[in-house]
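Residue numbers (the working numbering), protein chains in the order written: chain V, -2 to 118; chain S, 6 to 230.
First comes the structure, then the notes that go with it.
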């Protein structure tokens, strides 16, 4: 039965996402049931789209709760960033101190080596 | 309970450029810019959350979670879509999570398809052509849909999200999203425009069984069916 076959696709036709082939279109042109269904889908989709312009009233306090949640999240993030900044500073300081110590050690070793093995001549 | 979008203080009509500037500022770390984005969009976000969850308390939780996620992920927002569209995607994802959580705690799936007698139009179908009446009946019909069908039809036909985004946010395949959309539209059409003398559709009288059947067909598991 062509009506039953078409029924599942008429919503897509009404939304514009499907174009029927010639044979199906011819059937719809001649079939009152399919035409009625198509019109119903078009009305349905138009009304669904119209819902987009309506808003429901949120309960009082929703906005304040959302803003408070974001503030809390922002503060946590700031503290974490501060801590990670300090950690980076500590690590950097330790690395710098280690590098300085290593360089100093290298100089001492080099100067001792020079004393122990004087150049010939 | 409902208002027109353009008349709402909480969802002031905002030029896209102004919204874009706020997004840029918020991405640069300006908290007050993000707060302003929240003020401009929260009523709209709540509306979507309520349409998806059909529960005011759940909708509030979804709104809260959506903005926290948006705040955390703002740096990842590339700006190739509108901020509101990006927010819809986050909201639908949060609503999907919330509904999953709710389904584990309550057995409200069994209540999804009940009390539809009042949705049937009266003897004269022409009377229902009045758009306000039709809208109100449609709102009720939407709320009566199972959440998995409601989510797809709301996101596609009300908020105009592409199938791919819907599938991605709901964690289903694109083909499953399309199947659900067909089914949701058919149910809404049947509820709003039943044929004269037509018995109630079978899914209205046997929700539990058809719910399971829907799940199987949804994911295209022909063998399971």
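No residue lacks a Cβ here, since even glycine has one placed at the ideal position from N, Cα and C.
Since we're looking at a predicted model, the values are computed, not measured.
message = I'd like to check one pair, residue 157 of chain S with residue 191 of chain S: are the Cβ atoms closer than 8 Å?
response = Here residue 191 of chain S corresponds to residue number 186 of the second chain, with the count starting at 1. Here residue 157 of chain S corresponds to residue number 152 of the second chain, with the count starting at 1. No; because the gap between Cβ atoms is not below 8 Å, this pair is not in contact.
key: Straight-line Cα distance separating residue 169 of chain S from residue 163 of chain S   = Along the second chain, read from residue 1 onward, the residue named residue 163 of chain S stands at position 158. Along the second chain, read from residue 1 onward, the residue named residue 169 of chain S stands at position 164. For the pair residue 163 of chain S and residue 169 of chain S, the Cα-to-Cα distance works out to about 16 Å.
query = Closest to residue 195 of chain S by CA distance: which of S:178, S:179 and S:142 is it?
reply = Numbered from 1 along the second chain, position 190 holds the residue referred to as residue 195 of chain S. Closest by alpha carbon: S:142.
inquiry  = So the candidates are S:62, S:72 and S:61; which of them puts its Cα closest to the Cα of residue 31 of chain S?
reply    = Along the second chain, one-based indexing puts residue 31 of chain S at 26. Residue 31 of chain S has its Cα closest to that of S:72, out of S:62, S:72 and S:61.
message = Can you give me the C-alpha to C-alpha distance between residue 32 of chain V and residue 10 of chain V, rounded to a whole angstrom?
response = Position 35 of the first chain, counted from the start, is the residue given in the question as residue 32 of chain V. Position 13 of the first chain, counted from the start, is the residue given in the question as residue 10 of chain V. Each residue's Cα considered, the two are about 11 Å apart.
ask   = Taking Cβ positions only, does residue 23 of chain S come closer than 8 Å to chain V?
value = Residue numbering aside, residue 23 of chain S sits at position 18 when the second chain is read from its first letter. It does not; no Cβ of chain V falls within 8 Å.
inquiry  = By the three-class DSSP mapping on this structure, what secondary structure does residue 1 of chain V have?
reply    = Sequence index remark: in the first chain, residue 1 of chain V carries index 4 (1-based). Reduced to three states, the DSSP call for residue 1 of chain V is helix.
request  = Buried or exposed for residue 23 of chain V, please, with buried defined as at least 16 other CB atoms from any protein chain shown within 10 angstroms of its CB.
outcome  = Taking the first residue of the first chain as 1, we reach residue 23 of chain V at position 26. Using a 10 angstroms sphere on the CB of residue 23 of chain V, the tally of other CB atoms stays under 16, which defines it as exposed.
request  = For residue 98 of chain S, collect the residues of the same chain with a Cβ closer than 7 Å to its Cβ; drop the 5 residues on either side in sequence, then sort them by chain order.
outcome  = Numbered from 1 along the second chain, position 93 holds the residue referred to as residue 98 of chain S. By the criterion of a C-beta distance shorter than 7 Å, residue 98 of chain S is surrounded in its chain by 174, once the five residues flanking it on both sides are discounted.
DSSP-derived helix/strand/coil call for residue 6 of chain V = Stepping through the first chain from its first residue, residue 6 of chain V is reached at position 9. Of the three classes helix, strand and coil, the one that applies to residue 6 of chain V here is coil, per DSSP.
inquiry  = Contact between the segment 100 to 109 of chain V and the segment 46 to 56 of chain S is defined here as three or more beta-carbon pairs at a separation below 8 Å; is this criterion met?
reply    = Fewer than three pairs of CB atoms, one per stretch, sit closer than 8 Å, so the segment 100 to 109 of chain V makes no contact with the segment 46 to 56 of chain S.
key: Residues that residue 51 of chain S contacts on chain V, provided the C-beta gap is smaller than 7 Å   = Taking the second chain and counting its residues from 1, the one referred to as residue 51 of chain S is at position 46. Residues of chain V whose Cβ lies closer than 7 Å to the Cβ of residue 51 of chain S are, in chain order, 53, 55 and 59.
task = Taking all protein chains shown into account, decide if residue 87 of chain S is buried (16 or more other Cβ within 10 angstroms of its Cβ) or exposed.
result = On the second chain, position 82 is the one that residue 87 of chain S refers to. Exposed, since its Cβ has fewer than 16 Cβ neighbours within 10 Å.
ask   = Mind checking if residue 48 of chain S is an interface residue toward chain V, Cβ cutoff 8 Å exclusive?
value = Looking up residue 48 of chain S in the second chain gives position 43. In terms of beta-carbon proximity, residue 48 of chain S lines the interface with chain V, with at least one pair separated by less than 8 Å.
query = When DSSP labels each residue in this structure, what does residue 88 of chain S get in the three-state scheme?
reply = Mapped onto the second chain, residue 88 of chain S falls at position 83. Here DSSP, grouped into helix, strand and coil, assigns residue 88 of chain S to helix.
query = Residues in the segment 19 to 38 of chain V with C-beta within 7 Å of chain S's C-beta atoms, listed in sequence order?
reply = Cβ contacts with chain S come from 37 and 38.
message = For the pair the segment 66 to 83 of chain V and the segment 56 to 65 of chain S, tell me if three or more CB-CB distances fall below 8 Å.
response = No: the two stretches stay apart, fewer than three of their Cβ pairs being nearer than 8 Å.
task = Using a Cβ cut-off of 8 Å (strictly closer), state whether residue 67 of chain V contacts chain S.
result = To locate residue 67 of chain V, count along the first chain from 1; it is residue 70. By this cut-off, residue 67 of chain V is an interface position.
Beta-carbon proximity list for residue 12 of chain V, same chain, < 6 Å, skipping 5 on both sides = As a position in the first chain, residue 12 of chain V is number 15, starting the count at 1. Around residue 12 of chain V: 42.
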